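Colleague: Under the numbering used here, the first residue of the sequence shown carries the number 378, and numbering increases by one thereafter. C-beta atoms are modelled at their ideal positions from N, C-alpha and C, and glycine is treated no differently. Remember, it's a predicted structure, so these values are computed and weren't measured experimentally.
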Amino acid sequence: MRYLIIIFFTFSNFLYGQEMLSIGGVFENTLQIRIVPKTVDLYQKISNSKITIEVIPWKSNELPKKEDFINNPVKELKEANGIQLGLSKNDSSKFDTASIILHDGMLNSNDSMIQQMIFANSLVLMGYDKKLGQDLGLYYEIKVEWKSPNIGYKITMNGIDEILGFVSMETLPFIQFDSLKAIKDKSEITLEWKVQTLNKTFSSFNIYRSIDGRSYDKINKLPFFHMLTSDEKEDKPARFVDRDIDPGKTYFYKIEGIDHLGNQRGMSNVVKIQSANPILGQIFISDIRLIEEKLKVECTFRSDSNNLSRIHKSFLFVCDSIYGAYNQVNSIPYKGEVGNHFVKSNKLKSRGYLKICLVSESMDSLWSEPKYFFFRDSIPPKSPENLIGEVDSNGIVILRWSKVKDELLGYRIYRKNSVGEEIVEITDRLNQDTSFVDSISLQNLTNKIFYAVSAVDHNHNNSLLSKTIELIKPDLIPPSPSIFGPSLINQDGIGLTWVLSGSNDVSSVILQKRDSSGFRNVFETDKDTFYLDTEVENGRIYTYRLKTNDHSGNEGYSKEFHVTYELGFRTGIRKLSFDLNRESQIINLSWKNPSEIYAVYIYLGKDDGPIRLYKTLFQNKESFRFQKLPVNHVYRVQVQTMDAHGVLSVLSDVLEIDY
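1) Between the Cα of Asn-881 and those of Tyr-908, Ser-864 and Asn-926, spot the shortest distance and give me the residue it belongs to.
2) So for Gln-1054, helix, strand or coil by DSSP?
3) Using the C-alpha atoms, what's the distance from Pro-855 back to Asn-931?
4) Is DSSP giving Glu-611 helix, strand or coil here?
5) Mind checking which residues open and close the beta strand (DSSP E) that includes Val-992?
6) Note the first and the last residue of the continuous alpha helix (DSSP H) segment covering Gly-510.
7) From which residue to which residue does the alpha helix (DSSP H) around Ile-656 run?
8) Just mark Gly-729 as buried or exposed, buried being the case when its beta carbon has 16 or more other beta carbons within 10 Å.
9) Relative to the alpha-carbon of Ile-400, which residue among Met-490, Thr-1018, Trp-523 and Lys-577 has its alpha-carbon at the smallest distance?
10) Please name the residue, chosen from Asn-654, Val-1031 and Arg-591, that lies closest to Arg-951 on a Cα-to-Cα basis.
11) Tell me the DSSP bridge mates of Ile-566?
12) Quick check: the segment 764 to 774 against the segment 706 to 723, are there 3 or more CB pairs under 8 Å?
13) In whole angstroms, give me the CA-to-CA distance for Leu-923 and Leu-865.
14) For Lys-969, which residues in the same chain have their Cβ closer than 8 Å to its Cβ, ignoring the five residues on either side in sequence?
15) Once DSSP output is grouped into helix, strand and coil, what is the label at Ser-470?
16) Quick test of your reading: Trp-435 and Ile-566, contact by CB under 8 Å. State the CB separation rounded to the nearest angstrom.
17) Since Phe-602 and Ser-581 are thought to touch, with beta carbons under 8 Å apart, how far apart are those beta carbons, to the nearest angstrom?
18) Buried or exposed for Ile-596, going by 16 or more other Cβ atoms inside 10 Å?
19) Taking C-alpha atoms, which residue in Glu-431, Leu-509 and Val-403 lies nearest to Ser-525?
20) Excluding five sequence neighbours on each side, which residues of the same chain lie with their C-beta closer than 7 Å to the C-beta of Gln-1015?
21) Verify whether the separation of the beta carbon atoms of Lys-673 and His-718 is less than 9 Å.
22) Pick out whichever of Phe-861, Asn-771, Tyr-788 and Phe-750 has its Cα sitting closest to the Cα of Ser-779.
23) Under 8 Å Cβ to Cβ from Glu-539, same chain only, skipping five residues before and after it: list those, please.
24) Alpha carbon to alpha carbon, how far is Thr-811 from Ser-739?
25) Does Arg-591 come out as helix, strand or coil in the three-state DSSP assignment?
26) Buried or exposed, going by whether 16 or more other CB atoms sit within 10 Å of the CB of Asp-741?
27) Could you give the residue range of the beta strand (DSSP E) that holds His-835?
28) Helix, strand or coil: which one does DSSP assign to Gln-809?
29) Quick one: measure Cβ to Cβ for Ile-846 and Tyr-828, integer angstroms, because I've assumed they're closer than 8 Å.
30) Using CA atoms only, rank isn't needed, just tell me which of Ile-662, Ser-755 and Val-1011 is closest to Gly-716.
31) Looking only at C-alpha atoms, which of Ser-818, Glu-784 and Arg-777 sits nearest to Lys-793?
32) Distance, Cα to Cα, Met-644 vs Ile-733?
33) In this structure, does DSSP put Asn-723 in helix, strand or coil?
34) Which of helix, strand or coil does DSSP assign to Arg-891?
35) Bridge partners for Asp-882 per DSSP, in chain order?
36) Are the segment 993 to 1010 and the segment 963 to 978 touching by the rule of at least three beta carbon pairs closer than 8 Å?
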């Protein structure tokens, strides 16, 4: 076989700015040329273009030029008549292959997506079907009779630059590759081979199968194409699955490589494999019991077919958990029936899961469902020790304790809110770790929480509760406020009384009094309920409140308490003075008002007579003039003031005037 494939020229189309490849080779004095457009636009242009291919003997290893094809070239011509499936229609098997993807309705469609699909699948199909490639205008064959080291060629298409190239006529050996291997499963055989290096030579593969290793049949109707998605690695092996097999039968496989010009020129190694012959039926563990320090595992096998003759051995496996890794602990040969397993109890833990596996001579297997076992044990595990915990400001409780050394299923967690309550379990499933996170509400009046833990072994024996621990909740609730009682008002000041807070963690009660800068502390106590405020003035209103503190720094405030310091009268004028002018019959009376006043009342009495109101002054005056009073009498004078609230002061001392 004389054959060579060379990718030998790439050029840029000046109209479309795209690239196009040509692939050529010589086989039995026939030049094979395949045109590979790289875009759907070029593909459509080629299908509607007149194409001329000229060939000449070529001795040089450099590309030929246009003028080299002037003298007597051999020509192959394709008319500009579009895609015609006439050649393939003459071969029903090949036309079936093409029509899977290409048919007249699609070929005449103007839909861009359909045209893109036709373009992509055309390139794939013509890689193994020469006649289909000719119908698509992408494959050509030209007979050559001369002997020459190389063959030069020129491809001319309407509106596209000429393609110039050459191919060698050197002989290449038939390609053998040895990466094929076979893998069997229950009802199928998977063939796998490496294609990363083969893709340069082969576009597709045929699969052959034999039952005697001599006569092979092709089992794939369509050639096998190894395609990858953009997410798959390039070195991913090719895989072909054969499901048309009989159980327990020996098969031989080999694969044939089809190159990019549709020639069958490669063959793999031959692999031999016996298909799986599964044991049909059901194996299950029917009984487990302890007999004289040995665990007896009784097995039952059910089947509608005569499969017992194929069983070679029965294996017993054990595991701590149902879905864990099982370890073999015993095996017995098949002696006409599925026997029972006997295992010394000291080779097993106190509990676990068992499985039976039946194995045939061809290493096919049948597994039972897992079966739980345990040795009778009524002794509870030890109680957990060293239980500690803490509660944070968000109400998250973290508990920790020491691990119990016995084999355990887990731990139960218990809780109560007060000493007198019954402790109850708060876990709905066994806790596997030696720590536990709980969440509690801090918005209540109980400041303590209690916890305990118990252990549970694999036989569901429960230990005694651990020692109950008491945890103090972070106190975020302010204490109930202290409450003001009746106030007492006398000449010494304002007497304030209150009832202490009912909270049990009060640290102090602070009496606060408002002044111009706000509330200030005037008295602090943890048990007193009375305070006399002497810093008061008659007629003024004072505001108080009680601040109650607890040991956690929380504060509770009473409502503001307003007290008017009012004794029923004001401080009077302490001193009256006068001067008189007998000649003018005038007595000038003067005094000093204690504060801002609304009115002044002047009282006058003569000799031993009563003192009566003489004059009312509705101004803030501090003097008054008596005129033309009868002489030779003793006058007695008193003054009283009234503020804007209508409160009177006490009368001043009596002033006697000898006139």
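Modeller: Let me lay it out:
1) Here residue 881 refers to the residue found at position 504 of the sequence shown. Closest option to Asn-881, Cα to Cα, is Asn-926.
2) The requested residue 1054 is not part of the displayed model; the chain covers only 378 to 1036.
3) In the sequence shown, counting from the first residue as 1, residue 931 sits at position 554. In the sequence shown, counting from the first residue as 1, residue 855 sits at position 478. Roughly 5 Å separates the two Cα atoms.
4) Your numbering for residue 611 matches position 234 in the sequence shown. Residue state, collapsed to three classes: coil.
5) The count along the sequence shown starts at 1 and reaches residue 992 at position 615. The displayed chain sequence assigns Lys, not Val, to residue 992. Unbroken beta strand (DSSP E) run through Lys-992: 989 to 994.
6) Along the sequence shown, read from residue 1 onward, the residue named residue 510 stands at position 133. Counting along the chain, the alpha helix (DSSP H) containing Gly-510 begins and ends at 507 to 512.
7) As a working mapping, residue 656 is identified with position 279 in the sequence shown. That residue, Ile-656, is in no alpha helix (DSSP H); it is neither H nor E in DSSP.
8) Locating residue 729 in the sequence shown gives position 352, where the first residue counts as 1. With 16 or more other CB atoms across the displayed protein chains lying within 10 angstroms of its CB, Gly-729 is buried.
9) On the sequence shown, residue 400 is found 23 positions in, with the first residue counted as 1. Comparing Cα-Cα distances from Ile-400 to each of Met-490, Thr-1018, Trp-523 and Lys-577, the minimum goes to Lys-577.
10) Position 574 of the sequence shown, counting from 1, holds the residue named residue 951. Comparing Cα positions, the closest option is Val-1031.
11) If you number the sequence shown from 1, residue 566 lands on position 189. Answer is Lys-561 and Asp-619.
12) no
13) As a working mapping, residue 923 is identified with position 546 in the sequence shown. As a working mapping, residue 865 is identified with position 488 in the sequence shown. For Leu-923 and Leu-865, the distance between alpha carbons rounds to 17 Å.
14) Taking the sequence shown and counting its residues from 1, one reaches residue 969 at position 592. Within the same chain, Lys-969 has close Cβ partners Ile-950, Arg-951, Lys-952 and Glu-999.
15) Taking the sequence shown and counting its residues from 1, the one referred to as residue 470 is at position 93. Any reading at Ser-470 must be qualified, since the residue scores a pLDDT of 49, below 50, and its modelled position is unreliable; the value itself is stated next. Residue state, collapsed to three classes: helix.
16) Counted from its first residue, the sequence shown places residue 435 at position 58. Counted from its first residue, the sequence shown places residue 566 at position 189. Wrong, their Cβ atoms sit about 49 Å apart, outside the cutoff.
17) Walking along the sequence shown from the start, residue 602 turns up at place 225. Walking along the sequence shown from the start, residue 581 turns up at place 204. Phe-602 to Ser-581, Cβ: 5 Å. Contact.
18) The count along the sequence shown starts at 1 and reaches residue 596 at position 219. With fewer than 16 Cβ atoms within 10 Å of its Cβ, Ile-596 is classed as exposed.
19) Stepping through the sequence shown from its first residue, residue 525 is reached at position 148. It is Val-403 whose Cα lies nearest to the Cα of Ser-525.
20) Counted from its first residue, the sequence shown places residue 1015 at position 638. Only Tyr-980, Ile-988, Leu-1028, Ser-1029 and Val-1031 meet the Cβ criterion.
21) Looking up residue 673 in the sequence shown gives position 296. Looking up residue 718 in the sequence shown gives position 341. The answer is yes: Cβ separation under 9 Å.
22) As a first step, residue 779 must be located in the sequence shown, where it is residue number 402. Among Phe-861, Asn-771, Tyr-788 and Phe-750, the Cα nearest to that of Ser-779 belongs to Tyr-788.
23) As a first step, residue 539 must be located in the sequence shown, where it is residue number 162. So the qualifying residues of the chain are Lys-443, Lys-531, Ile-532 and Thr-533.
24) What you label residue 811 is simply residue 434 of the sequence shown in a count that begins at 1. What you label residue 739 is simply residue 362 of the sequence shown in a count that begins at 1. If you draw a straight line from the Cα of Thr-811 to the Cα of Ser-739, it is about 49 Å long.
25) In the sequence shown, counting from the first residue as 1, residue 591 sits at position 214. In the three-state reduction of the DSSP assignment, Arg-591 falls in the coil class.
26) Here residue 741 corresponds to residue number 364 of the sequence shown, with the count starting at 1. Classification for Asp-741: buried.
27) Residue mapping note: residue 835 aligns to position 458 of the sequence shown, counting from 1. It is not in any beta strand (DSSP E) - His-835 carries neither H nor E in the DSSP assignment.
28) Within the sequence shown, residue 809 is the residue found at index 432, counting from 1. If DSSP states are grouped into helix, strand and coil, Gln-809 belongs with coil.
29) Numbered from 1 along the sequence shown, position 469 holds the residue referred to as residue 846. Numbered from 1 along the sequence shown, position 451 holds the residue referred to as residue 828. Yes, Ile-846 and Tyr-828 are in contact; Cβ-Cβ is about 6 Å, under 8 Å.
30) Along the sequence shown, one-based indexing puts residue 716 at 339. Of the candidates Ile-662, Ser-755 and Val-1011, the one whose C-alpha sits nearest the C-alpha of Gly-716 is Ile-662.
31) As a first step, residue 793 must be located in the sequence shown, where it is residue number 416. With distances taken between Cα atoms, Lys-793 lies closest to Ser-818.
32) Numbered from 1 along the sequence shown, position 267 holds the residue referred to as residue 644. Numbered from 1 along the sequence shown, position 356 holds the residue referred to as residue 733. Straight-line Cα distance between these residues: approximately 44 Å.
33) As a first step, residue 723 is located in the sequence shown; it is residue number 346 there, counting from the start. Helix at Asn-723.
34) Within the sequence shown, the letter at position 514 stands for residue 891. Three-state result, Arg-891: strand.
35) For the purposes of this step, residue 882 is taken as the residue at position 505 of the sequence shown. Note: Asp-882 sits in no beta bridge, so no partner.
36) yes
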